[in-house]
């Protein structure tokens, strides 16, 4: 090999390494770039973001074209390097070319460009998108053929990869991203809980968040008007269901503001008020309605209150717009909420909690992961796992916690002690978590 040809080969190797680095960095940047951020930039008129979105939309074709280009330049660079080293060192040049090219490709064509790209994938993706689009267009027909060969080979071994195959649903992808951001410190626990609560709306039913009938505050339409007025004014709630004749015969919902208007019109004489005349019709919804559908229904009807019925039409409880919003933002307390003592952290690391505390609220407050698929409250979870109604002082261990029944009233578990099995003796629950769970217990009691 002449000296001129030698330098031309060295120059070609340098160019091919740069191209290899370009393909490697482009692949990393375009696969790591945020589709949501690209979509937002596209809405502001950035044409390069539009190109990135088009490339990411057909990820398989994109990766195939980049891999084809990357392997093409790497193999060509290695072949040229082998030729150069053979002319310089003879038979030993093969081994030297292998070592040198492995080091050069690893550092300058793989690690360096990928590290650079991952440090700011969106910016890198915007810069390379126009060139990559051209590469994909040129290599597209070859990639299509490669895809066809790969799919048919996989079919031979029993792996069927369809064009619309999706491993994760959009909700699962979002939930995974939220959890990852929380682990990496990008999201605080409260932010993670709010985003997670929003994603959970489609999976939860009204029965999971409703106020059970045993905890409802309702008015008897047959009571004297002055008694009804006093009961409504003494209640911490703005909307109160009204029943007549039988306790499950709900005939309307009384709004405190309508009651005050009627009281003013009657000159303050409660005896002149007929609550059924000012009550709004009761709205009944099935207990299997998803929270997402119920939230949309509340918005459409411009209502905040509904009674929940089971498949037999029996009233199970009530649900409000606030109950659904609290699944997203956490406990919403106001100056009229009644604070009930529902949880007491103990010196040994355990907590004493009311049986009516919802599992989801306790999980969110204490950052636990007790299952809520088969039961809504802590007491319900213990009964489900025990397959019986436990006696006082009975102890059960499941899901990584020890549950001790402290108090039972008839067939209801009213108080429990919960100890995480991995808890260090003497450790205490953080004060913020304790306050949050106490608020959750207050909601359950109200």
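Numbering (UniProt numbering), first residue to last: 1 to 446.
C-beta: ideal position from N, C-alpha, C; glycine also.
Owing to the predicted nature of the structure, the values given are computational and were not obtained by experimental measurement.
In this chain, the beta strand (DSSP E) harbouring residue 242 covers 239-244. Measuring C-alpha to C-alpha distances from residue 396 to each of 378, 130 and 67 identifies 378 as the nearest.
Here residue 315 is bridged, per DSSP, to 309. When the beta-carbon positions are compared, residue 376 and residue 390 stay at least 8 Å from each other. In this structure, DSSP gives residue 405 an extended state, which the three-state scheme calls strand.
For residue 28, the enclosing alpha helix (DSSP H) starts and ends at 3-32. Contact between residue 287 and residue 309 holds: their C-beta atoms lie close to 7 Å from each other, under 8 Å. In this structure, residue 62 lies away from residue 9, with their beta-carbon atoms at least 8 Å apart.
Around the beta carbon of residue 38, 16 or more other beta carbons lie within 10 angstroms, which makes this residue buried. Of the candidates 315, 68 and 301, the residue whose Cα lies closest to the Cα of residue 214 is 315.
DSSP places residue 205 within a strand segment (E or B) once states are collapsed to three.
Residue 414: not part of any alpha helix (DSSP H); member of the beta strand (DSSP E) spanning 412-420, first to last residue. Proximity of the segment 378-388 to the segment 396-411 meets the contact definition, three or more beta-carbon pairs being nearer than 8 Å. According to the DSSP assignment, residue 94 belongs to the alpha helix (DSSP H) that extends over 93-104.
According to the DSSP assignment, residue 359 belongs to no beta strand (DSSP E) but to the alpha helix (DSSP H) extending over 359-366. Sequence-distant Cβ neighbours of residue 113 in its own chain, meaning closer than 6 Å and more than five residues away, are 21, 24 and 25. Distance from the CA atom of residue 258 to the CA atom of residue 208, rounded to whole angstroms, is 30 Å.
DSSP places residue 354 in the uninterrupted beta strand (DSSP E) bounded by 351-354. If you draw a straight line from the Cα of residue 104 to the Cα of residue 139, it is about 26 Å long.
In the three-state reduction of the DSSP assignment, residue 344 falls in the strand class, which pools E and B.
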